[in-house]
Structure formats: C-alpha cells, structure tokens
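Heads up: the structure comes next, in structure tokens.
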Amino acid sequence: MIQLKPGGRRNEYGIYVGKLFIGTVVYAAERGRDFLIPDSLKPSGELGIEAVFPGIRILDRFRYEHGVLRIEREWTIERPGKYRLLFDFLTPGAEFSRWFVPSVMYDGNTAGEGKFPKGGLGDKWSFREDRMPVPACSALYGRSGFRALFLSPAESNVMTASVKTYLSGGVPAFTLAIPFEESPKSYTEKGLVLGGLTRPKMKFVHVKPGALPFHYKRNIYIVWDDIPHTSPEFYPGIHRAALNEFPAPERHTADWSAYASLRLRNLLFLTLDNPEKGVAAVKMGEGNGLFQGYYEYTAGGFFVKSLEAASVFARAGVETGTEWLLPLAERIGEFFKGGLLSNGLHRDMYDLKKKRWGGFFAASAKPFQNTGVNSRCNSETMTGYIRLHDILGKAGRAHPEYLELARRNAGFYIAHPLPGGGFGRWRSPDGEPLDTSGTNGAYIVQMLVRLEQADGSEPKRRDAILRAGKYYGAMTDGWTLPSDTLDADCVDKEAGCALLRTFLDIYEYTGEKEYLKYALRAAGFLLSWLWTYDVAFPPDSPLGRRRFSTRGMTSVSVAHHHLDFYGMFIAYDFLRLWKAGGGDEWREYARELIAACGQLYADKCDLLGRKPGFIGWQPEQVNHTDWDYIHRVFGTKGHFHTLIAWNTVLCLGAMLDIRERFPDMLDFKLDPSEWRKPWNRLEV
Numbered sequence: 003m004i005q006l007k008p009g010g011r012r013n014e015y016g017i018y019v020g021k022l023f024i025g026t027v028v029y030a031a032e033r034g035r036d037f038l039i040p041d042s043l044k045p046s047g048e049l050g051i052e053a054v055f056p057g058i059r060i061l062d063r064f065r066y067e068h069g070v071l072r073i074e075r076e077w078t079i080e081r082p083g084k085y086r087l088l089f090d091f092l093t094p095g096a097e098f099s100r101w102f103v104p105s106v107m108y109d110g111n112t113a114g115e116g117k118f119p120k121g122g123l124g125d126k127w128s129f130r131e132d133r134m135p136v137p138a139c140s141a142l143y144g145r146s147g148f149r150a151l152f153l154s155p156a157e158s159n160v161m162t163a164s165v166k167t168y169l170s171g172g173v174p175a176f177t178l179a180i181p182f183e184e185s186p187k188s189y190t191e192k193g194l195v196l197g198g199l200t201r202p203k204m205k206f207v208h209v210k211p212g213a214l215p216f217h218y219k220r221n222i223y224i225v226w227d228d229i230p231h232t233s234p235e236f237y238p239g240i241h242r243a244a245l246n247e248f249p250a251p252e253r254h255t256a257d258w259s260a261y262a263s264l265r266l267r268n269l270l271f272l273t274l275d276n277p278e279k280g281v282a283a284v285k286m287g288e289g290n291g292l293f294q295g296y297y298e299y300t301a302g303g304f305f306v307k308s309l310e311a312a313s314v315f316a317r318a319g320v321e322t323g324t325e326w327l328l329p330l331a332e333r334i335g336e337f338f339k340g341g342l343l344s345n346g347l348h349r350d351m352y353d354l355k356k357k358r359w360g361g362f363f364a365a366s367a368k369p370f371q372n373t374g375v376n377s378r379c380n381s382e383t384m385t386g387y388i389r390l391h392d393i394l395g396k397a398g399r400a401h402p403e404y405l406e407l408a409r410r411n412a413g414f415y416i417a418h419p420l421p422g423g424g425f426g427r428w429r430s431p432d433g434e435p436l437d438t439s440g441t442n443g444a445y446i447v448q449m450l451v452r453l454e455q456a457d458g459s460e461p462k463r464r465d466a467i468l469r470a471g472k473y474y475g476a477m478t479d480g481w482t483l484p485s486d487t488l489d490a491d492c493v494d495k496e497a498g499c500a501l502l503r504t505f506l507d508i509y510e511y512t513g514e515k516e517y518l519k520y521a522l523r524a525a526g527f528l529l530s531w532l533w534t535y536d537v538a539f540p541p542d543s544p545l546g547r548r549r550f551s552t553r554g555m556t557s558v559s560v561a562h563h564h565l566d567f568y569g570m571f572i573a574y575d576f577l578r579l580w581k582a583g584g585g586d587e588w589r590e591y592a593r594e595l596i597a598a599c600g601q602l603y604a605d606k607c608d609l610l611g612r613k614p615g616f617i618g619w620q621p622e623q624v625n626h627t628d629w630d631y632i633h634r635v636f637g638t639k640g641h642f643h644t645l646i647a648w649n650t651v652l653c654l655g656a657m658l659d660i661r662e663r664f665p666d667m668l669d670f671k672l673d674p675s676e677w678r679k680p681w682n683r684l685e686v
C-alpha cells in the first residue's frame, strides 16, 4: 500500500499511500554549523530508506496501520561533534496554508491580546515538544483536508525535540529537530514583570569519541484526512492516533475517599467565617509567598467559586450529617447578596482589604474590569444560588430569595441581549456592553437552563436560550474559540468548556440534535488541550522526583503554558456527551482526566512543601515546559506552585456531580473526621 518514490532533489523521497500523495521526506542533518545532505540515498529492505552522510547514517522504516503512517527512524553517528538530528517533511502543496499547534497556535493567535507567540507560516515558529499535548505536533490544513505530524515522546529531558512549521519554496513544511530549537523567540513567562518572549534557543547533541557509535531512535507519525477543519473528527483523529501509540502510565489508583475528604478540609482552611465582621466566603488563595497580596480577595465565581463552595458544603453536610456545614453555606449565600446591583446584575469579587465589591481585581485587570460586570461570573454565582436553593430546600431550610436573585439577574440578560442573541463578556454597572467578544456570555445560557429546571418553563427564557444557542453554535464553525477567562484574552481551553456545557445543557433541555453536533465540535476543540503522554522532567525537579504523570492533564491557554487540574470538570461533560450518544471514546477520555486529577495533592506523606495546615491542597500551576506565570526565575519545567480556591472547589463540585450521575465512574465517601470545627478564619 505504501510506495516510496525518489523526489525532485537527490535528498528527497515522496510518500504515497495507494494513489494518494502524502508528502515528501527531505533527508538532512547538522553537525556544528555545517548543514549536511546525504552522499547516498537508497531503498533498504522492505519499505526502508537509508541515507549515508559523512559520519552519520539514517535508516527509516515505513509502516501504515489504522490510518497512521509511522516512520521508525534510527540515527547512527560515527564521528564526534555536536549534532542536530532532523526530520524534514514537505506537504503536497500550497493549499495546506492554515496552521494549528494544539495548545499553542490557533490560526496565528490573532484573537485577543498578550505577549504570547503570534503569526503565521512566514514567521517560522519552532516550538519544543513539551509545550503541546501531542509531542511535537503540528497540523496544516486547507480546503482539501489536512496533514499533521507528531513524534514519539522524549525519554529524557535532554533529548526534548521541537517542531518548526514554515514555507519551503512556497510549500508548507515541517522540521522536527532533536534536541529542540525555539525560534524566532522563546516564550518563557506571561510577561507580568518582563516581556514574555525571550531570545531564541538552540540545543545540540554533543557526541564524544568514547560514545561512538552513537545510536538514537524516535518514531515520527503522519496523519491526514480530506475532512474539513470544522468536522468533529478534525483534531480527535490526531489525538486518538497518539493515544493508540503511546502506552498508558502505570498509575497508583487514587484513594478517592481520602482525596475528597482532604480536599474538603483544604476548602474549609480557605474559608473565612466571621459573623462579627459580616464576612462569610472562601478566600482566593493562601500561603503564596511574595505574591500572596494578589490573593487577598474573595469571589462568587471564577477565581474562587464561593457560591459553588457553599453548595459543596451543603451537599457534604447533608451526606455526612455534619449539621454545622449547612448554616455555613447559608452565611456564604447571605454575604454575596452584597454584590447585587439595582438592575439585577451582580459584581461578585470582593476586596478583603479595601472592603469593596467589583468585577475583577488583579494586576493585569483593565480599569473597566475593576468596576464592571462579567457574564461568566454572574452565571457562576447565580447558578450557585439556584443549586443552593435546591439543596437547602430539600434539607428543610427554605431560601426563596436565592431563586429570586437568579430571576432578577436572568431578567436583565433576557431584556438586553446582543444583536444575534449572545450576551457578551463585560458590561458596565448600568448594563452597557463594554466587551462583547468570545464565549464568556455562553455561561448565561447555562444559568437560564438551570432556572428553567428549578423555576418552571417561562417563554421569554426559553426564547433567549434558543437564540443564544444559535449564536454560540455559529462560533464552532471555526477552530478558534477565544476569550473565556478573566486573566487572559486569547484562545483558551475554558472557551471549549463553556460551549460544551452550554450545548449539552440545551440538548438535554430541548432534545434537538443540532446541539449535540455543536457539542461534539466543542469537545473536539477541548481535546486539543488534553495530554496524551508523559513529559520527561528533569529527574531532580519537584515533579521529576514525584514521577508526576502529565497524561490526562490539561493545558490552559495560548497565553498560559502550564497544566492545571480542570480535568474533573471536563470529565463530567465528556460523560454527558458519551451518554447522549457522542461515542464511547468520550467515556475513555473522561477516565484519563479523572485519573490525572488524583495525583499531586498534599497528604500526610507529602505536604508538597507546605505546613501541616495546608493538607489537602493541590497546586494550580504545574509547569510542564520552559514557562512560568509570574517570572521564569521562580522555576519553570518540573516545578509547581500556587494555592488558589477555584482548584479545590471545582474538583470537589465535579466529583460530587460525577458520583451522582455516573457512580460507576467515581465512587467515594466523605469522611468528616478529617474536618475539625471551628475552622473560622478571623483575620479578615
């Protein structure tokens, strides 16, 4: 089925599968500053090519299985020196002009703003393999389909590879390099202190006389199809190919009861409960060293999720008979009424030092965000009130005012949609749209559906849900979903989360198959942030010493090159997608996500560098590559840091949701002996 034909130049071979021209392999190597082409290039055995250079040989074996071309390459170096091991591949033609690198580059990263990599093929960007959830993966696509390639994972940090995507004589092309090259710049930090992009980097293999002959093997994978990039199968096919090729890690199965109980203990540790000062809320973060000043806030949604925390406390109190958790949940609900505006909008963030309400307080916030109203935060806060109303009501503690808060908030958005039916991202306190970009407004749809379920159907709400469903569904026609979070303005994973949950909510509410189609597109985008392999960390790094597994973890955004534990939240929606008939693979992806979240949390054996009071904490930021949120001097690849409340709340809430609806996927019992009362934090 595979045919190998000499190319137009003496160092090229064309690859055909059947009659389809896949592309051209260009044979080259680098020793020091010398660019080498082979003295001879010839077939070797069955479906093999041998290239002989001065002092180096390359042997390729070509295999085609299950729609994936695997090239098993071995380099043999016979002369000392410093080398770069290369694999060059030319696509069939100029029509493959659009470019995608999972978690890193989406159509040039033109959406939003920030100091992250941007540009197209003319910029010749080269990224190290550990920036992306499929190693050294890059895809070129156009009207006639796509070509993508990736590499088997590096087994050691020093042999980390890279992929460059560029134009070669007008033809889109890839170059894999071992060790890596990052150019024209290297993205090493967000840029809060300095510029995020630093000078380019290039590494070499230094082969000494005593190491000769030096042998090195890696597999290169090429995937293609003629489907359009809007197809639900565009990226999932690449992702599935990688999972099939890479063995799953041997993980210790988490004790989920211990995990959930300790995580709830950590949530109590973060909870402020001071009736005398009128504060009952979850603090944004604690114990974050020089940067703790950035965490002296609370919020109903996003960074903190205090209202969801209240529902977690209420659920845990009902389950375990821990009665004091129920009034704690009520006090949190009472406190966040303070953010309500007269028009029904809500500002959910509260400055604990300055005693003021606002939309977003952060070093990177724009002035209008300080005083503005964010759609996502309104939805997360009001959805929390709806859920708290239901849970407490079943426990005999009626709070009709919680539902009324949500009705008023929903009423504003229903009366003031954007043209086309969306809800926008930011509004002024009096309701004027300030930023209408991105997927952020899709959260309002989720709140409206929850209100329909709790309050009974109302025609205006239903009409707003359906109009907004079409509005956000149209966003899935592209491959770029931007602007969902507050602390970044770019293509991000949470944009996919927002749309997937929105479309599943509408599908379950209406039964209309169109929304299942939209959900599959959003889920395909989400997969481009889900890790398929384990990064080779420096052995002496904090993550290397703990044998941390990146498979099943999730990247954050094109601006934030770290991993997080958002997987439990995503797993719940992947299970809903599976149950809706989206395919069995979504259940398996959910398993990967759940398993990954059960690691790197503080227990009695390993407090992750903190004092005993921090038991149950789990870091927000896991640095899998050469990057850090604040400053690279604080540690990049192999390091972790930052205790922030959203991580604890989101994981607990999602665990309870999964156990309630999919008990065969996650079973645990909360152990109240892990919690000690009082946890009241009086330093407000």
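So the sequence shown is numbered by this note's numbering: it starts at 3 and just counts up by one.
Built from N, CA and C at the ideal position, the CB exists for glycine as well.
Considering residue i, what are the terminal residues of the alpha helix (DSSP H) in which it resides?
i: V651; result: 647-663
i: K187; result: It is not in any alpha helix (DSSP H) - K187 carries neither H nor E in the DSSP assignment.
i: P544; result: 544-547
CB residue i to CB residue j, shorter than 7 Å?
i: I530; j: P104; result: Sequence check: residue 530 is Ser here, not Ile. Yes, these two residues count as a Cβ contact at 7 Å.
i: L22; j: G289; result: no
i: T93; j: P211; result: no
i: F363; j: Y297; result: no
i: G423; j: Y473; result: yes
i: G10; j: I17; result: no
i: A476; j: D486; result: no
i: H562; j: E191; result: no
i: R333; j: A400; result: no
i: S140; j: V165; result: yes
i: H2; j: G440; result: Residue 2 lies beyond the residue range present for the chain, which begins at 3 and ends at 686; the question has no answer from this structure.
i: P234; j: L545; result: no
i: G144; j: P484; result: no
i: T650; j: R389; result: no
With respect to the beta strand (DSSP E) encompassing residue i, which residues constitute its N-terminal and C-terminal limits?
i: W359; result: 358-360
i: T177; result: 173-180
i: P369; result: P369 -> not in any beta strand (DSSP E); alpha helix (DSSP H) instead, spanning 369-373.
i: Y299; result: 299-301
i: L38; result: 36-38
i: N276; result: 273-276
My understanding is that residue i touches residue j, with C-beta atoms under 8 Å, so please give their C-beta distance in whole angstroms.
i: G319; j: L327; result: 3 Å
i: V207; j: L87; result: 7 Å
i: F1; j: L142; result: The structure shown has nothing for residue 1, since the chain only spans 3 to 686.
i: K515; j: L407; result: About 34 Å separates the two Cβ atoms, so there is no contact after all.
i: V560; j: D566; result: Contact doesn't hold; Cβ gap of about 14 Å is too wide.
i: K355; j: A647; result: Not confirmed; about 17 Å, so no contact.
i: L602; j: F642; result: 7 Å
i: A331; j: L269; result: With 8 Å as the limit, A331 and L269 do not qualify as a contact, their Cβ atoms being about 12 Å apart.
i: R267; j: E676; result: 5 Å
Would DSSP call residue i helix, strand or coil?
i: K339; result: helix
i: I617; result: coil
i: P45; result: strand
i: D392; result: helix
i: H217; result: strand
i: M107; result: strand
Apart from the five residues on each side of it in sequence, which residues of its chain come closer than 8 Å, Cβ to Cβ, to residue i?
i: E157; result: A538
i: S430; result: F370, T373, G374, V375, L436
i: S377; result: Y415, F425, G426, R427, W428, R429, N442, G443, Y445, I446
i: L609; result: F616, I617
i: L668; result: W258, I596, M657, I660, R661
Using a Cβ-Cβ cutoff of less than 6 Å, which residues in the same chain neighbour residue i once the five nearest sequence positions on both sides are dropped?
i: K203; result: E184, S188
i: F55; result: A31, L38, P40
i: T552; result: W533, D536, V537, H626
i: T324; result: P674
i: Q5; result: Y18
i: V70; result: Y223, V225, A243
Give a single yes or no on whether residue i has its beta carbon closer than 6 Å to a heavy atom of the ligand HEM.
i: P484; result: Among the ligands in the structure shown, none appear at all, so the ligand HEM cannot be discussed.
Short of 7 Å in beta carbon distance, which residues of its chain neighbour residue i, apart from the five on each side in sequence? Order them along the chain.
i: I222; result: I73, R75, F89, L151, L153, L178
i: A262; result: L654, M657, F670, L672
i: F129; result: V103, V106, S164, V165, E184
i: D575; result: L502, R503, L506
Would you say residue i lies against chain B (beta-carbon separation less than 7 Å)?
i: G475; result: Absence of chain B from the displayed structure is noted, only one protein chain being present.
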